[in-house]
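This note's numbering applies: residue 1068 is where the sequence shown begins, and numbers increase by one.
Glycine included, C-beta positions come from ideal geometry on N, C-alpha and C.
All figures in this text were calculated on a predicted structure; none of them were measured in a lab.
Below: one structure, written as C-alpha cells.
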Amino acid sequence: MLIVNGQQIIDNNIWRESFFSLAQNTFSLQFQQWYDWGLWDQEQYDVYAVVNQDEVVAAVAISLHSLVIDNQVVPAGLIGTVMTDIRYQGKGLSKKLMLALLAHYESKLDIIYLFANASVLEFYPKFGFEKREMASYNLIVKEVPKRNVEWEKISLYNEDQRQRIINKINERVAVSRIFGVIHHTSIVLHNLLYKYEGHVYYNKVLDAYVVYIIKEETLELYDIITSEDIALEMIVQSLPLIGVQNIYFGFTVEQQSLDIHKSLFIDDGALFVKNIRAEYPNNVLIPYTSLA
C-alpha cells in the first residue's frame, strides 16, 4: 500500500476518480463538477490517501484557510472526509494518514481542527485534539425593521455569475471579526455548488452575496460575502422576512444593536481543536460555508 497526497491525486486520473468514488460511497459527497470547473485548489484543499492497486481505500482531507480571531489572521486547517473502505477498516489506515498529515502541517499551521460524529469521539484525543464548545445565534424577527431590497438569485452553473462570485470570495472580508474565515475560496465554492445551489443571492446596491434557506418560519442565514464591512443590521433588514419569525445565523455574530440570542450549540458530535501556536476560542461558530 502507498500513501499519496495533493497534486499526486489531482494529476492521476485513476486515483482521483477512486477518491471521488470513495467519498460518494461513504458520505454521498460529490467532487466531479467542482473539479471539472477547475475549483480544486491544492493550496486550499489537500488530501492524503492510501492507495492499493490503483484504488484509494482510505483518505483524510484538510481544508486550508485563515481564521480571523479578534481581528488577527491565523493560518489554520479543517480536517474532514476521514474515510476508509469497509474492506480495509480495522487496519489502522486512518491513524497512519492522520499522522502523515499532522507531521506535514503542524509546522505550517497555527490551529488544526475538525468535527467528529458520536461514533469516533475517542479517536481524535489520541492525536492531541481537545474538545471545544460551539455557539448558536438566533434573532426574533418581529424586532427587526424591514427594508425593501431586491436580491437576485445566482447560480454557479452560469459561468459569468460563477466568476463574479469567485472574485468576491477571493477578496472577501470575514463575516465576523471576532471569528471568521478568509482565503478559503475552493471549499466555499464546493459548498455553494453541492449544498446551497439555488440559495445564493446577490444585491448590486450593497455589492453583497447572501446564502440563506427559508424553512417554514425560520430563515437560516449561512453566509454574507462582501469585500467591505457592511453592518449586519443592514443585511438582516434587507432580507425577505415576510412570514419569517426567526433568523438562525450559520456563523459567529458580533455584538450588534440587534437583540441576537446566543446559546450553546447542541449536537451529538463534537468540535476538536489542536492549538499549535494560537488559541481557538470557545463558544464561537465556524461559518457553515467553510465546513469541509
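Candidates the options: closest to residue i by CA position
| i | options | result |
| --- | --- | --- |
| Q1230 | T1252, P1212 and V1216 | T1252 |
| A1116 | L1273, L1166 and I1327 | L1166 |
| W1104 | E1189, L1188 and L1256 | L1256 |
| S1085 | Q1228, D1152, S1161 and Q1109 | D1152 |
| L1352 | L1259, D1227, V1242 and D1121 | V1242 |
| K1329 | S1130, Y1204 and W1107 | Y1204 |
| L1089 | L1273, D1078 and M1150 | M1150 |
| L1206 | K1341, T1319 and Q1091 | T1319 |
Inter-residue Cα distance where the pair is residue i and residue j
| i | j | result |
| --- | --- | --- |
| K1158 | P1212 | 58 angstroms |
| W1218 | M1301 | 13 angstroms |
| R1244 | I1297 | 12 angstroms |
| N1184 | P1192 | 14 angstroms |
| Y1261 | R1083 | 18 angstroms |
| Y1447 | Y1289 | No answer is possible for residue 1447: the residues shown for the chain start at 1068 and end at 1359. |
| N1215 | L1299 | 16 angstroms |
| Q1322 | M1068 | 51 angstroms |
| D1113 | I1333 | 29 angstroms |
| N1350 | V1311 | 26 angstroms |
| N1237 | Q1111 | 12 angstroms |
| Q1074 | D1121 | 16 angstroms |
| Y1347 | S1161 | 24 angstroms |
| D1274 | T1293 | 7 angstroms |
| K1235 | A1202 | 27 angstroms |
| S1324 | Q1304 | 12 angstroms |
| P1354 | I1254 | 12 angstroms |
| E1189 | L1306 | 42 angstroms |
| Q1100 | W1107 | 10 angstroms |
| K1282 | I1291 | 18 angstroms |
| D1335 | V1187 | 11 angstroms |
| Q1228 | V1272 | 16 angstroms |
| Y1263 | A1345 | 31 angstroms |
| V1127 | N1079 | 17 angstroms |
| D1137 | Y1269 | 28 angstroms |
Presumed contact (8 angstroms Cβ cut-off) between residue i and residue j, rounded CB distance
| i | j | result |
| --- | --- | --- |
| G1247 | V1135 | 4 angstroms |
| Y1155 | V1124 | 5 angstroms |
| A1337 | T1148 | That belief does not hold up - the Cβ atoms of A1337 and T1148 are roughly 17 angstroms apart, past 8 angstroms. |
| Y1172 | I1129 | 7 angstroms |
| I1077 | Q1097 | Going by Cβ atoms, the distance from I1077 to Q1097 rounds to 16 angstroms, so no, they are not a contact pair. |
| L1169 | F1194 | 6 angstroms |
Cβ-based neighbour list, residue i, same chain, cut-off 7 angstroms, excluding 5 preceding and 5 following
| i | result |
| --- | --- |
| F1339 | Y1180, L1181, A1183, Y1191, F1196, E1197 and K1198 |
| F1287 | Rather than Phe, the amino acid found at residue 1287 in this sequence is Glu. Contacts found: Y1279, I1280, Y1315 and G1317. |
| V1071 | W1082, A1116 and V1118 |
| E1295 | V1240 |
| E1200 | L1331, N1349 and N1350 |
| F1087 | F1098 and Q1099 |
| Q1091 | Q1097 |
| N1225 | none |
Close-in-space but distant-in-sequence residues of the same chain around residue i (CB under 8 angstroms, 5 per side omitted)
| i | result |
| --- | --- |
| G1265 | K1220 and S1222 |
| S1133 | V1140, V1141, P1142, A1143, V1248, I1249, H1250 and H1251 |
| L1259 | L1223, I1232, V1267, V1278 and T1356 |
| I1343 | E1173, L1176, D1177, I1178 and I1179 |
| F1094 | T1148 and M1150 |
| T1285 | V1311, Q1312, N1313, I1314 and Y1315 |
Sequence-distant residues of the same chain with beta carbon closer than 6 angstroms to residue i, five excluded per side
| i | result |
| --- | --- |
| L1131 | Q1111 and G1144 |
| I1146 | I1129 and L1181 |
| K1341 | I1179, G1195 and F1196 |
Residue-chain proximity (residue i, chain E), Cβ-Cβ < 7 angstroms
| i | result |
| --- | --- |
| E1264 | No chain E appears in the structure shown, which is made up of a single protein chain. |
| task | Output the residue ranges of the beta strand (DSSP E) runs that lie fully inside the region 1128 to 1189 and measure 3 residues or longer, sorted by chain position. | result | 1139 to 1151 and 1178 to 1183
| request: Quick one: which unbroken beta strand (DSSP E) runs of 3-plus residues sit fully inside the region 1247 to 1306? Chain order, please. | output: 1267 to 1270, 1275 to 1282 and 1285 to 1292
| query | Counting only runs that start and end within the region 1206 to 1237, where is the beta strand (DSSP E) found for 3 or more residues in a row? | reply | 1219 to 1221
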